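Report on the following structure.
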Amino acid sequence: MDVKKIAIELLDALDSGKTIASIVERNPGFDWNKGYDVAAEIVKLRRARGERPVGRKIGFTNRNLWAEYGATAPIWAHVYDRTVQFAVNHRATVSLRGSVQPRLEPEIAFKLKARLPAGVNNPAKVLEATEWFAPSFEIVDCHYLNWKFKPADSAADFSFHWRLIVGTPCEVHPEEIPTLVDSLRDCRVALRKDGVVMDRGVGANALGHPASALAHLAEVLARQPQFAPLAAGEIITTGTLTAAMPIEPGENWMSDYSGLPVTGLSLIFAA
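Heads up, the sequence shown stops at 299 in the working numbering, and the numbers go up one at a time, no gaps.
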């Protein structure tokens, strides 16, 4: 099993906008550890061609989706300077060119102001290490036909990260953290396409609390020495709060958050 060869194959699928056959089905010994070995090789390849990691994405934190996708655990991957975009006045236009079968996920993103080690499981303690939080949209994409894959396939396939759109940040003030803990857990989001509500979600859908998703990732990274721990300055998006919805050029999608002092995002998708 050639980890570098698999990484090159997946990177070519990303660049060419095409699907490939399941890695697990072709390599019966391909497991979670091998999936993340491929992910580590992909980071090296992307760095070598000038892409700079600026944070991480955490996927499958919403257990309500596990049965639909055959997921068995959360997954994660790096996000890059070329895949992260900040909305302007809560709006952005995104070209879907190069994607294969993209889907949209409303999430909550954080920026760290301090290193987040393993063992910090209290949401309040996690928030003490964060600079800000913001509404976000992750566009996920799958390079296996019809989103059919085995769990280890997902870790290798960029954990399905394609683009991350970040809204206006809201600074975390220490004296507000006790209230913010409850607000992040209990906040609600409505996801609209062309003005019609397509789904609704709640902050607790992300592993019980969005900050708990950050803590989970810190624990995972402690068992993956091929990756650096979470560091100050990183932007981390914590997983979808609703179903992941298929998207197409020409559509206008919006997120509305209640219970948090943030303004949702409006995205227009172009070809």
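Ideal Cβ placement from N, Cα and C applies to all residues, glycine included. Predicted model, so just to flag it, every value in this text is computed and none were measured.
Item	Value
Extent of the continuous beta strand (DSSP E) to which Glu166 belongs	158-168
4-residue-minimum alpha helix (DSSP H) runs that sit fully inside the segment 215-250, ordered along the chain	238-250
Cβ pair Cys198, Pro289 closer than 9 Å	yes
Touching by the beta-carbon criterion (3+ pairs, under 8 Å), the segment 153-160 and the segment 68-85	no
Meets three-Cβ-pair contact criterion under 8 Å: the segment 160-174 and the segment 46-62	yes
Coarse secondary structure for Ala32, derived from DSSP in three states	At residue 32 the sequence reads Lys, which differs from the Ala that was named. Residue state, collapsed to three classes: helix.
Neighbour-count burial assignment, Val225, 16 or more Cβ in a 10 Å radius	exposed
For Lys139, the three-state DSSP class (helix, strand or coil)	strand
Length of the line joining the Cα atoms of Thr9 and Met273	Nothing in the structure corresponds to residue 9, since the chain is present only between 29 and 299.
Contained beta strand (DSSP E) runs [length at least 3] in the segment 247-298, N- to C-terminal order	263-265, 280-286, 294-298
Nearest-angstrom Cβ-Cβ length linking Asp214 and Gly287, presumed shorter than 8 Å	6 Å
Residues sharing a beta bridge with Trp300, DSSP	Residue 300 cannot be examined here, being either before or after the span of the chain that is shown, 29 to 299.
Residues sharing a beta bridge with Lys114, DSSP	Looking at the sequence provided, one finds Phe at residue 114 rather than Lys. According to DSSP, Phe114 bridges with Val194.
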